[in-house]
Each structure stands twice: as C-alpha cells, then as structure tokens.
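Take a look at the structure below.
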Amino acid sequence: MDDPQRLSIESMKVDSPMLSLGLDESGSAAAPPKDQPRTVGWFDQGPKLGSGQGHAVLTIHTYRNGNALGNELADPNSGLRPGALVRVSDGRGNTVCYTFSRSTKVWVKDYDPNSTVLYDDAGAPEAIIVICWDFNRATAAWDSRILFHLTPLAPSA
132 MDDPQRLSIE SMKVDSPMLS LGLDESGSAA APPKDQPRTV GWFDQGPKLG
182 SGQGHAVLTI HTYRNGNALG NELADPNSGL RPGALVRVSD GRGNTVCYTF
232 SRSTKVWVKD YDPNSTVLYD DAGAPEAIIV ICWDFNRATA AWDSRILFHL
282 TPLAPSA
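Numbering (my numbering), first residue to last: 132 to 288.
Pasting the structure below:
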C-alpha cells in the first residue's frame with residue numbers, strides 16, 4: 132500500500148483524510164495540524180498499514196470542547212464499538228481493512244517509552260489509533276492516551 136489517503140468507519144459515518152507524518156518536537160508520532168479536527172495522521176517512520184508485522188500508528192485529535200474525531204471515537208454512546216470495520220485506502224485505490232478489537236488507556240505518567248504497548252516494529256500486525264484523553268485544566272495538558280487496537284481483517288501478504 133502507498134501512503135494512506137483516507138480512513139473510513141462506515142458504522143460511525145466517518146470518512147476522513149489522512150496525512151503521512153513523522154516525529155513531533157517531543158519525539159513522538161506527530162498529530163495532524165491542530166486546525167484539522169477530522170484528519171488522521173499515519174506515523175510514517177513505523178510499519179505501514181497492511182504490513183505483516185508491527186504496529187501501524189495513527190494519530191487523531193481530541194478537543195477539550197469536543198468537536199474532533201477523537202472525541203467521537205471515545206464517545207460512550209455512539210463511539211467506536213468492537214467489531215467495527217475500519218478501512219484505510221491509498222491514492223491508487225488499494226484498501227486494507229481492520230476490525231476494532233479493544234481499547235486501552237495509558238496514563239502519561241506511567242508510560243514506558245521502551246515498551247511495545249504503542250510502538251512495535253516486529254510484533255503481531257496491528258494498527259493503533261492514539262487519541263489524547265483526560266485533559267487537566269490545572270496543567271493544560273492531557274494526562275492519558277486512549278489506544279484503539281485494530282486487528283487486520285485478513286492476513287497480509
């Protein structure tokens with residue numbers, strides 16, 4: 132698959148543009164520009180989507196006031212549900228499909244950057260959507276991340 136161009140989740144009526152992004156100033160997978168609430172970033176320094184191994188990392192914004200795709204994914208009433216089909220397409224019409232399997236919350240204070248909970252170039256194939264969560268008004272920082280684990284629908288070639 133070439134660089135991804137679109138992410139769709141039919142059950143949520145999501146059809147979002149994607150950008151290939153590297154590292155941000157802190158050394159983490161970069162997020163899309165802050166004024167693009169529905170754009171998905173793909174961390175292009177890790178495994179590709181559809182790869183036979185490792186975690187393809189996707190970043191999506193959450194806004195304090197809502198109104199971003201990350202807020203929609205985490206919504207307890209209408210958000211991403213286990214079994215939901217997630218499609219990623221490139222500009223040439225190639226598509227890889229995943230199903231949403233589970234989510235985990237990782238507290239920033241407890242995160243071990245040497246772990247494979249997020250970045251893993253050699254493990255089982257998976258795509259992981261990362262959103263910020265638990266905004267702390269006192270520090271103006273997000274205290275946690277929610278990781279949405281996506282399992283490939285079919286084995287990769």
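All C-beta atoms in this analysis are idealised placements derived from N, C-alpha and C, irrespective of residue type, glycine included.
Taking the C-beta atoms as reference points, Asp221 is found nearer than 8 Å to Asp133.
C-alpha of Gly214 to C-alpha of Ser232: approximately 6 Å in a straight line. Within the model, the alpha-carbon separation for Gly201 versus Ser275 is close to 13 Å. About 17 Å separates the Cβ atoms of Leu154 and Val171, ruling out a contact at the 8 Å cut-off. The beta carbon of Pro148 sits closer than 6 Å to those of Thr170, all from its chain and outside the five residues before and after it, given in chain order.
With fewer than 16 neighbouring CB atoms inside 10 Å of its own CB, Trp238 falls in the exposed class. Of the residues assessed, Ala258 falls on the buried side of the cut-off, its CB having 16 or more other CB atoms within 10 angstroms.
Per the DSSP secondary-structure output, Glu257 pairs in a beta bridge with His186.
The Cβ atoms of Ala253 and Gln184 sit closer than 8 Å to each other. With respect to the 8 Å criterion, Asp251 and His192 are not classified as neighbours on the basis of their beta carbons. Here the alpha carbons of Pro244 and Ala161 stand approximately 15 Å from one another. Taking C-beta separations shorter than 6 Å and ignoring five residues to either side along the sequence, the partners of Gln176 in its chain run Gly153, following chain order. Linking Ile277 to Leu249 through their CA atoms gives a straight-line distance of about 11 Å.
The beta carbons of Leu180 and Val227 sit about 5 Å from each other, so the pair counts as a contact at 8 Å.
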